[in-house]
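To start, the structure under review is shown below, and the notes come after it.
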Amino acid sequence: MKTEEFNVVLSGVGGQGTLLAAEVLGTAAIREGLNVRVSEIHGMAQRGGAVVSTVRTGEKVQAPTILEGQADVLIGFEPIETVRSLRFASEKTVVLMSNKRISPSELAAKKMAYPDMKDIVEKIHRFTRKLIIVETEKLAKEAGSTITENIVLLGALAATEKLPVKSESLKEAIRELVPPKHMDMNVKAFKLGYKYVKKTKAHV
Amino acid sequence: MPNLHVLLEDKPEKRVLLLGNEAIARGALEAGIGVVTTYPGTPASEIADSISEIAADAGLYMEYSVNEIVAVEVAAGAANCGVRALTAMKHVGLNVASDMVMTLAYAGVRGGYVIVTADDPECYSSQNEQDNRFYALLSNLPCLEPSNPQEAKDMTITAIEISENLELPVLLRTTTRVSHTRGPVTYGKLTAPKLKGKFIKDVKRLVMVPANSRPKHEVLLRAMEKAKEISEASMHNEVVRKSRSKELGIISSSSAYNYAAEAADLLGLDASILKLGMTHPLPEKMIGGYLKEHRKIIIVEELEPYLEVQIKAIAKDKAPDIDIYGKMDKRYFPKEGELSTRLVAKGLADITGKRLPIDFKKIEEKYDEACRNLPARPPILCAGCPHRASFYDIRKVVGDKAIFATDIGCYALGIASPLNVGDILICMGASIGTAQGISKATDENTFAIIGDSTFFHAGIPGLINAVYNNHKIVIVVLDNLTTAMTGHQPHPGTGVTGMHGASEKVLIEKVAEGCGVKFVSVVDPFKVREAETTLKEALQHPGPSVVVFRAPCALVAAREKRSKGIRIEAYNITDKCTNCMACIKLLGCPALAVENGKVNIDETLCTACGLCISVCPYKAIGGNS
Numbered sequence: 003m004k005t006e007e008f009n010v011v012l013s014g015v016g017g018q019g020t021l022l023a024a025e026v027l028g029t030a031a032i033r034e035g036l037n038v039r040v041s042e043i044h045g046m047a048q049r050g051g052a053v054v055s056t057v058r059t060g061e062k063v064q065a066p067t068i069l070e071g072q073a074d075v076l077i078g079f080e081p082i083e084t085v086r087s088l089r090f091a092s093e094k095t096v097v098l099m100s101n102k103r104i105s106p107s108e109l110a111a112k113k114m115a116y117p118d119m120k121d122i123v124e125k126i127h128r129f130t131r132k133l134i135i136v137e138t139e140k141l142a143k144e145a146g147s148t149i150t151e152n153i154v155l156l157g158a159l160a161a162t163e164k165l166p167v168k169s170e171s172l173k174e175a176i177r178e179l180v181p182p183k184h185m186d187m188n189v190k191a192f193k194l195g196y197k198y199v200k201k202t203k204a205h206v
Numbered sequence: 003m004p005n006l007h008v009l010l011e012d013k014p015e016k017r018v019l020l021l022g023n024e025a026i027a028r029g030a031l032e033a034g035i036g037v038v039t040t041y042p043g044t045p046a047s048e049i050a051d052s053i054s055e056i057a058a059d060a061g062l063y064m065e066y067s068v069n070e071i072v073a074v075e076v077a078a079g080a081a082n083c084g085v086r087a088l089t090a091m092k093h094v095g096l097n098v099a100s101d102m103v104m105t106l107a108y109a110g111v112r113g114g115y116v117i118v119t120a121d122d123p124e125c126y127s128s129q130n131e132q133d134n135r136f137y138a139l140l141s142n143l144p145c146l147e148p149s150n151p152q153e154a155k156d157m158t159i160t161a162i163e164i165s166e167n168l169e170l171p172v173l174l175r176t177t178t179r180v181s182h183t184r185g186p187v188t189y190g191k192l193t194a195p196k197l198k199g200k201f202i203k204d205v206k207r208l209v210m211v212p213a214n215s216r217p218k219h220e221v222l223l224r225a226m227e228k229a230k231e232i233s234e235a236s237m238h239n240e241v242v243r244k245s246r247s248k249e250l251g252i253i254s255s256s257s258a259y260n261y262a263a264e265a266a267d268l269l270g271l272d273a274s275i276l277k278l279g280m281t282h283p284l285p286e287k288m289i290g291g292y293l294k295e296h297r298k299i300i301i302v303e304e305l306e307p308y309l310e311v312q313i314k315a316i317a318k319d320k321a322p323d324i325d326i327y328g329k330m331d332k333r334y335f336p337k338e339g340e341l342s343t344r345l346v347a348k349g350l351a352d353i354t355g356k357r358l359p360i361d362f363k364k365i366e367e368k369y370d371e372a373c374r375n376l377p378a379r380p381p382i383l384c385a386g387c388p389h390r391a392s393f394y395d396i397r398k399v400v401g402d403k404a405i406f407a408t409d410i411g412c413y414a415l416g417i418a419s420p421l422n423v424g425d426i427l428i429c430m431g432a433s434i435g436t437a438q439g440i441s442k443a444t445d446e447n448t449f450a451i452i453g454d455s456t457f458f459h460a461g462i463p464g465l466i467n468a469v470y471n472n473h474k475i476v477i478v479v480l481d482n483l484t485t486a487m488t489g490h491q492p493h494p495g496t497g498v499t500g501m502h503g504a505s506e507k508v509l510i511e512k513v514a515e516g517c518g519v520k521f522v523s524v525v526d527p528f529k530v531r532e533a534e535t536t537l538k539e540a541l542q543h544p545g546p547s548v549v550v551f552r553a554p555c556a557l558v559a560a561r562e563k564r565s566k567g568i569r570i571e572a573y574n575i576t577d578k579c580t581n582c583m584a585c586i587k588l589l590g591c592p593a594l595a596v597e598n599g600k601v602n603i604d605e606t607l608c609t610a611c612g613l614c615i616s617v618c619p620y621k622a623i624g625g626n627s
């Protein structure tokens, strides 16, 4: 049993399914007998706003939130929100980022364009070179619906082989938590995310 | 957690991942609680919501009460018949319930009764960050503070035991980081809930007229002496980390304890930690002994120096020479906002002279540089939200010439541009009363903006006041047929109960008429022209007027469509679009974005509400077909 601390940050926009993804990770950890803490934000902050969840495993873990620079993995469900959570990243951090852009309404109001992807990548590289960009929307559509983007990212995460839990435990947790009628779609999304990262042969 | 029935499994020793609030619900089931009441509020909502999902199968009674004081009244009534009860609320809910709680402390209970108050340091979803441990001091009621989901479950059971032992309600105080943290919880045995009891008439005990209240005050104070003994012996008050040198001791509770434990490890401190789970009354002897064993004491707690004030008083008698560090004399830890391992580590480092092993300042500088000019993403009204339509209608009629007293709910998000509806917001129901004072003092067009659930919760006395004192205000009730912000709980207007049964629908327009309002109208906010006419008439009315904007919450409507297999056909921008940006400038809908200089509709967000069609001067928005 692995007992050292492992920290995952999930950063996205309210409604993107960050909470479910965090719960899947927490449930997989419980299945493997690990100590775990998951932090969530509910209520007003969820309404289309920036949301951050954290999942921490390890014997000595007590606080649900993590220290700056201490993320082992940062899952960015949206490029701008990935940058907003970089305080948790350092050179050891693997960043899995969706390329699905959700334009903050401030940009429309100020007639500003969404930041250039090159700039976003450059900002992330200042913290870590271990960046994998995942085409979540495309893969989720292929799986059956854009609502599976969160599961695509979990598949991608499993493929990095960084987690202290087995890929099989993640799949079981998904089966436990996803409504049965959406099961096939989500299993497919997980596989597509997994294959995508394996295929890109990203060295992380 | 899609299937809350896992909470009903009678499998002692089973280890499950639960949200702190779900763990409290499990604790209620293990304690055999028969009555659960609540008014929803973040971060407390999931306690009673979980119970609502399983109440029928668990064989207990659950209700969404109209507000927190009624929730306490209902539960206290049952508890005085010997039935075990629990009421859950957010911190500010206890302000509403406090009139009942303060004197219920005198009358007491027969069946165990837990009042859960969930505090919200950092105001994640609240209007203030008050520290409700002071209610324990104020009311003379015992208070327990869990630091994680396991303790949240265990202390719910302990609270019931203490309550029955002392015949007093017990406060269980969580914070956002306890209520909304998931962690492993090991189950105990379930206890079958007892639903029926007996009301034993006892006027001296239960009728709080002065002649009875005076002796009952003494009874309460005696019970709290007994509570001190319970606190001294409580397994929830213990030294959880040992030191070698006995030089330094840390005293902490609740979520602050988690940060203190990790920060002490991070700094490699040779410090013991006294973790307090029962924080009212404090175990004075135990603390006195702990103080004497150390040379330096650091108190780590979130928000107010609740422990520090009392521990310093204990030290004055028991260990006058000891140095105590916290947030009173010199502020080593902030009184505002939530703590973190980083903030606690910094405070501990400042006090002990240890070096922080992480250069936070460097990380922060690098981070600020990366985030420079990064667009903010505050929470906003959802695509298709009927409140957006209501606010657009109101703005169309009054332009900038109106003052808006707004209220607690999703519609508070109307303060954002371009709608800018909301000039004063204090607490539940306050919109209607404050609007009256503003109208009296300014003679301007004054609106009270209030949601359906909030109207039932605390709006009606203000409404009657407006009728009685003839205040000229327009009361806009935004009726989206649910308690949206806290997770779509039912309310008196929905015709559904917490037990998923049918009930009489209390109609807001009938309430207003019954209170004597002479101008009452119900409109669909998406019918812009009709809404305009109604609002103009309401503004002309010489006394108080009520306009009910009724349309279902967009999230609920979308969910219902999905479950019926109805596809939502998003609208799109046709080639008639001149890029005048009227839709973007007037509505601020998240489904409308500018891409490559052109307006675009995000098909995954658009709910086809059609408001943008009403706004577009060029009829350039259409269906996909």
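These protein sequence lines map, in sequence, to chains A and B.
Number 206 marks the last residue of the first sequence (our numbering); no jumps.
Number 627 marks the last residue of the second sequence (our numbering); no jumps.
Glycine included, each C-beta is placed from N, C-alpha and C at the ideal position.
Predicted model only: the values in this text are computed from it and were never measured.
- Within chain B, the residues placing a beta-carbon under 7 Å from that of Pro-66 of chain A are Arg-179, Thr-183, ordered along the chain.
- Remark: three or more beta-carbon pairs, one from each stretch, lie closer than 8 Å, so the stretch 102-115 of chain B and the stretch 150-167 of chain B are flagged as touching.
- The stretch 46-62 of chain B and the stretch 90-104 of chain B touch, with three or more beta-carbon pairs separated by less than 8 Å.
- With respect to the 8 Å criterion, Ala-52 of chain A and Glu-93 of chain A are not classified as neighbours on the basis of their beta carbons.
- The way I'd put it, the stretch 479-497 of chain B doesn't touch the stretch 530-537 of chain B; fewer than three beta-carbon pairs between them come closer than 8 Å.
- The C-beta of Arg-39 of chain A comes closer than 8 Å to at least one C-beta of chain B.
- DSSP places Glu-597 of chain B in no alpha helix (DSSP H) but in the uninterrupted beta strand (DSSP E) bounded by 594-597.
- Within the same chain, and ignoring the five residues on either side of Val-469 of chain B in sequence, the residues whose Cβ sits closer than 8 Å to its Cβ are Cys-517, Gly-518, Val-519, Gly-545, Pro-546.
- Nearest CB-CB separation between Ser-392 of chain B and chain A: not below the 8 Å threshold.
- Those residues of the stretch 600-618 of chain B placed with their C-beta closer than 7 Å to a C-beta in chain A are Thr-606, ordered along the chain.
- Taking every protein chain shown into account, the CB of Ser-565 of chain B has fewer than 16 other CB atoms within 10 angstroms, so this residue is exposed.
- Bridge pairing for Arg-17 of chain B: B:Thr-188 [DSSP].
- For Lys-94 of chain A, no CB of chain B lies under 8 Å from its own CB, so it is not counted at the interface with that chain.
- Look at Ile-396 of chain B here: in three-state DSSP terms it is helix.
- In the assembly as shown, Thr-39 of chain B is a buried residue. Its beta-carbon has 16 or more other beta-carbons within 10 Å.
- Three or more pairs of CB atoms, one per stretch, sit closer than 8 Å, so the stretch 183-201 of chain A contacts the stretch 131-138 of chain A.
- Residue range 135-141 is occupied by the alpha helix (DSSP H) that includes Phe-136 of chain B.
- In the structure shown, the three-state DSSP call for Glu-163 of chain B is helix.
- Per DSSP, Glu-240 of chain B lies in no alpha helix (DSSP H); the unbroken beta strand (DSSP E) holding it starts and ends at 239-243.
- Counted as a single uninterrupted DSSP element, the alpha helix (DSSP H) harbouring His-127 of chain A occupies residues 119-129.
- For the options B:Glu-338, B:Thr-176, B:Phe-393, the alpha carbon positioned closest to that of Thr-408 of chain B is the one of B:Phe-393.
- Across the set B:Leu-509, B:Cys-591, B:Asp-604, B:Pro-554, the C-alpha of B:Asp-604 shows the shortest separation from the C-alpha of Asn-574 of chain B.
- Under the Cβ criterion of 8 Å, Lys-566 of chain B is not counted among the residues facing chain A.
- Rounded to the nearest whole angstrom, the C-alpha separation of Met-185 of chain A and Ala-145 of chain A is 11 Å.
- Among the residues of the stretch 184-209 of chain B, those with a Cβ less than 9 Å away from any Cβ of chain A are Arg-184, Gly-185, Pro-186, in the order of the chain.
- For the alpha helix (DSSP H) assignment, the uninterrupted runs of no fewer than 4 residues enclosed by the stretch 447-493 of chain B are, from N- to C-terminal side, 462-470.
- Pairing Ala-81 of chain B with Lys-529 of chain B, the inter-Cα distance amounts to about 49 Å.
- Counting along the chain, Ala-407 of chain B sits inside the beta strand (DSSP E) bounded by residues 405-407.
- In this structure, DSSP gives Cys-614 of chain B a helical state, which the three-state scheme calls helix.
- Within 10 angstroms of the beta-carbon of Ala-58 of chain B lie fewer than 16 other beta-carbons, which makes it exposed.
- When C-beta distances to chain A are compared with 7 Å, the residues of the stretch 576-601 of chain B below that value are Ile-586, Gly-590, Pro-592, Leu-594, Ala-595, Val-596, in chain order.
- For Glu-65 of chain B, no alpha helix (DSSP H) segment is defined; the enclosing uninterrupted segment is the beta strand (DSSP E) at 63-66.
- Lys-173 of chain A counts as buried, since at least 16 other C-beta atoms from the protein chains shown sit within 10 angstroms of its C-beta.
- Burial check for Ser-100 of chain A: the Cβ neighbour count within 10 Å reaches 16 or more, so the residue is buried.
- DSSP places Ile-300 of chain B inside the beta strand (DSSP E), whose first and last residues are 298-302.
- Between Arg-128 of chain A and Ser-13 of chain A, the C-beta spacing is not below 8 Å.
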